[in-house]
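Below is one structure; the comments refer to it alone.
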Amino acid sequence: YVKRIAELKAKAYTKALPKNAYEHAPKSGAVVDYGTFDHIIVGAGAAGCVIANRLTEDSSRRALLLEAGEHGTDLTDIPAMRNYLTDSNYNWGYMSVPQTTACLGLKEQRCSLHRGKGIGGSTIINGLFYVRGNDRDYNNWYSQGNVGWSYKDVLPYFKKSENYLEGDPRYHGKEGYLNVETWEEISVQTQAFYDAHKLLGMKELDFNGESQLGYGKPEFNIKHGKRQST
């Protein structure tokens, strides 16, 4: 493991991310017959994998899930490797167009837009944070005519998808596929940050609970110390 981790780090320092998707262009005009399918899903990212899984719960249905990238490895499972995975073949290497009010300290004023290329999509390279949108955002969408998108409407689905044993059952589920954990250890710096917020009168809270205005332990998509991608 030590050797493989060192190799991944070394490659990340010298990796040139692709500037286009030409490497995925067909090498010939030959047609490959993979069979007949009821559903074809393009992209095995966070949504694509879930859709494929749900569709194939009906054993009579056949689904084809197409993905340009590869499966993750035991290295992508290590949470602390996330900073190196963005400089690997698991990142599409997208760049923003030149900006006028952002990316000002970067070359050509363009920012990197990390998007995962592999089974699980960006869930194999992201920072693993599990943070829901603010309830006011959902309620605002509902007020604009989007029936079914109020926070009380979507909360049951958050709970259904989640497995978080420590959470308040009013806001968290315990039987879903999506495992959620918090860090047990808190650094000296983080504790000082918490203490400062407490002195300011802010409350310690669960960011995916009743309120998001305060401070507290972040929640992660980790299971038994490993990244949990889609």
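Residues 148 to 377 (my numbering) make up the sequence shown, in order. Ideal Cβ placement from N, Cα and C applies to all residues, glycine included.
Checklist entry - Cα separation between Ala181 and Ser290? => result First, the residue type needs correcting, since residue 181 is Tyr and not Ala in the sequence shown. One C-alpha to the other measures close to 46 angstroms.
Next on the checklist: Going residue by residue through the region 268 to 320, where are the continuous alpha helix (DSSP H) segments of at least 4 residues, counting only ones entirely within it?
Outcome noted: 282 to 290, 298 to 308
Item to check | Cα-Cα separation, His371 to Asp342 | outcome: 29 angstroms
Item to check | From Glu170, Gly252, Thr329, residue whose alpha carbon lies closest to that of Phe276 | outcome: Thr329
Checklist entry - Is it a yes or a no for the region 221 to 236 touching the region 260 to 272, going by three-plus beta-carbon pairs under 8 angstroms? => result yes
Item to check | Identity of the residues DSSP links to Ile187 by a beta bridge | outcome: Leu211
Item to check | chain C contact for Gly176 (CB, 8 angstroms cutoff) | outcome: No chain C appears in this structure, which consists of one protein chain only.
Item to check | Residue interval of the alpha helix (DSSP H) (run including Arg257) | outcome: No alpha helix (DSSP H) holds Arg257; DSSP gives it neither H nor E.
Checklist entry - Just curious, the alpha helix (DSSP H) that Ile266 is in, first and last residue? => result Looking at the DSSP string, Ile266 is not in any alpha helix (DSSP H), and its letter there is neither H nor E.
Checklist entry - Between the region 234 to 252 and the region 154 to 168, are three or more C-beta pairs nearer than 8 angstroms? => result yes
Next on the checklist: Are the CB atoms of Leu222 and Glu152 within a distance shorter than 8 angstroms?
Outcome noted: Strictly speaking, residue 152 in this sequence is Ile, with Glu absent from that position. Contact flag set, yes.
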